[in-house]
Amino acid sequence: MNSRNLPKTCGKCHPNAGPNFAKGAVHVEVSPKKAMGVFAVRMFYTVFISALVILFVLHVGLELYGRWNRRRAGAGRGKEEGR
Amino acid sequence: MSRADLAAGEVIRMSLLFRIQHLVLTVLLLVLAVTGFSLMYHDNALAQALIRLEGGVHNRGIIHRIAAVLLMANVVHHLFYMLFSREGKKEFLDLFITRQDIGDFLQSLRYNIGLAAEYPRFGKYGYKEKFQYWGASLGIVLISITGFMLWAEEFSMRFFPKFALDLAMVIHGYQGMLAFVILFFWHLYNVHLHPSVFPMNPSWITGKVSAEWLRQEHPLEYEKLKGEGLL
């Protein structure tokens, strides 16, 4: 690939690609060796988002369990609790 | 609050301006999600169909940027309103995170596993609403900065190494995913699926909630309004 043609070549998929567009490596395959920062950030977000989803589901589950449990106890005592 | 509202047992929870800001936010976030994720997962057949629907790679970018600028305008308007208007300043104070919120969160966990006798008593906003609000605020700031860096790519490349742009791209994409996850698993549950509001909390459309709901879910706010003679 000729570097002078970069704006044209990259422009096929990246409208407005200019001379600075491909100053560094592009379409980097992310591995700790090649791009430590990007790899670390991706790792962080993957773990963080997954953990958050699990915690959300647990929180919702716990809330519904609590309601069910109180309702059951309330029914046993012959009255319904507020929450 | 009008006499008619009080007679009907309703309380205003979202003023007209906040409802408009919220609706604008909702529509723009949906547009940004559809145009953004279709680029993020451009190898996927559904994403490619969406890009075609959005008028191709070029037009997709234009739609995404227009929505982004409108979103930022909405956010700036919201910020000024929160800092300088009488209503906004009051809301801003209500939204401050305090040590009480952490205690409330832990107490709600204990209550639901049966270790506490009382559910925490929230003011206008409890830990759920505050988490949502500040999470969204922080997310929008981060996604706006990285979005600008990617938009002004030529400009950014003059000042930052390629490495910074790669990071901006990753952060922008994952931050979008994070926002989507919070909206889907947290916000939708709290305002639509939670048993106290199912099928939805009407305040985002009518601005009002029932006084009884407020008494049960936000008792401190209920008592405050009552003390002020507004209920």
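If you're matching them up, the sequences are chains B and W in order. For the first sequence, counting from 1, position 69 maps to 883 in our numbering; every step adds exactly one. For the second sequence, counting from 1, position 24 maps to 108 in our numbering; every step adds exactly one. All C-beta atoms, glycine included, are put in the ideal place defined by N, C-alpha and C.
Residues bridged to residue i [DSSP beta-bridge criterion]
i: residue 197 of chain W; result: Residue 197 of chain W pairs with nothing; no bridge assigned.
i: residue 293 of chain W; result: W/95
Residue i versus residue j: straight-line alpha-carbon distance, rounded
i: residue 287 of chain W; j: residue 217 of chain W; result: 16 Å
i: residue 211 of chain W; j: residue 194 of chain W; result: 15 Å
i: residue 122 of chain W; j: residue 133 of chain W; result: 9 Å
i: residue 830 of chain B; j: residue 821 of chain B; result: 8 Å
i: residue 209 of chain W; j: residue 315 of chain W; result: 18 Å
i: residue 182 of chain W; j: residue 154 of chain W; result: 32 Å
i: residue 110 of chain W; j: residue 184 of chain W; result: 30 Å
i: residue 881 of chain B; j: residue 864 of chain B; result: 26 Å
i: residue 866 of chain B; j: residue 819 of chain B; result: 45 Å
i: residue 160 of chain W; j: residue 221 of chain W; result: 11 Å
i: residue 237 of chain W; j: residue 172 of chain W; result: 36 Å
i: residue 170 of chain W; j: residue 97 of chain W; result: 16 Å
i: residue 895 of chain B; j: residue 266 of chain W; result: No answer about residue 895 of chain B holds up, because its pLDDT of 48 lies below 50 and its placement is not dependable.
i: residue 310 of chain W; j: residue 174 of chain W; result: 17 Å
i: residue 156 of chain W; j: residue 281 of chain W; result: 30 Å
i: residue 253 of chain W; j: residue 234 of chain W; result: 7 Å
i: residue 106 of chain W; j: residue 226 of chain W; result: 19 Å
i: residue 285 of chain W; j: residue 103 of chain W; result: 13 Å
i: residue 888 of chain B; j: residue 101 of chain W; result: 42 Å
i: residue 158 of chain W; j: residue 263 of chain W; result: 17 Å
i: residue 300 of chain W; j: residue 879 of chain B; result: 19 Å
i: residue 241 of chain W; j: residue 852 of chain B; result: 17 Å
i: residue 292 of chain W; j: residue 94 of chain W; result: 6 Å
i: residue 163 of chain W; j: residue 176 of chain W; result: 10 Å
Residue i burial status per 10 Å Cβ neighbour count (16 or more: buried)
i: residue 297 of chain W; result: buried
i: residue 151 of chain W; result: buried
i: residue 199 of chain W; result: exposed
i: residue 128 of chain W; result: exposed
i: residue 178 of chain W; result: exposed
i: residue 251 of chain W; result: buried
i: residue 893 of chain B; result: Low confidence applies here, because residue 893 of chain B scores a pLDDT of 48, under 50, leaving its location unreliable; read the following figure in that light. The residue is exposed, with fewer than 16 neighbouring Cβ atoms inside 10 Å.
i: residue 306 of chain W; result: buried
i: residue 901 of chain B; result: For residue 901 of chain B there is no data in the structure shown, the boundaries of chain B being 815 and 897.
i: residue 849 of chain B; result: buried
i: residue 214 of chain W; result: buried
i: residue 92 of chain W; result: exposed
i: residue 249 of chain W; result: buried
i: residue 302 of chain W; result: buried
i: residue 868 of chain B; result: exposed
Interface residues of chain B facing residue i [CB-CB closer than 7 Å]
i: residue 196 of chain W; result: 876, 877, 879, 880
i: residue 255 of chain W; result: 855
i: residue 265 of chain W; result: 863, 866, 867
i: residue 141 of chain W; result: 827, 829
i: residue 193 of chain W; result: 876
Partners in chain B for residue i, counting only beta-carbon separations shorter than 9 Å
i: residue 188 of chain W; result: Ordered by position in chain B, no residue passes the 9 Å Cβ test against residue 188 of chain W, which lies about 13 Å from the chain.
i: residue 164 of chain W; result: Simply none; closest approach about 31 Å.
i: residue 241 of chain W; result: 832, 834, 835, 837, 838
i: residue 262 of chain W; result: 859, 862, 863, 866
i: residue 258 of chain W; result: 855, 856, 858, 859, 860, 862, 863
Interface residues of chain W facing residue i [CB-CB closer than 8 Å]
i: residue 832 of chain B; result: 237, 238
i: residue 819 of chain B; result: Within 8 Å Cβ-Cβ: nothing; residue 819 of chain B doesn't reach chain W, min ~17 Å.
Residue i: contacting residues in chain B (beta-carbon distance under 8 Å)
i: residue 156 of chain W; result: Within 8 Å Cβ-Cβ: nothing; residue 156 of chain W doesn't reach chain B, min ~20 Å.
i: residue 211 of chain W; result: Result: empty, since nearest Cβ-Cβ is about 11 Å, beyond 8 Å.
i: residue 273 of chain W; result: 870, 874
i: residue 145 of chain W; result: 829
Exercise. Per the contact definition of three or more C-beta pairs closer than 8 Å, is the stretch 183–200 of chain W in contact with the stretch 142–158 of chain W?
Worked result: no
For this session: Count the C-beta pairs between the stretch 864–880 of chain B and the stretch 258–277 of chain W that are closer than 8 Å, then say yes if the count reaches three, no if not.
Result: yes
For this session: Say whether the stretch 225–243 of chain W touches the stretch 256–273 of chain W, bearing in mind that this needs 3 or more beta-carbon pairs closer than 8 Å, one atom from each stretch.
Result: yes
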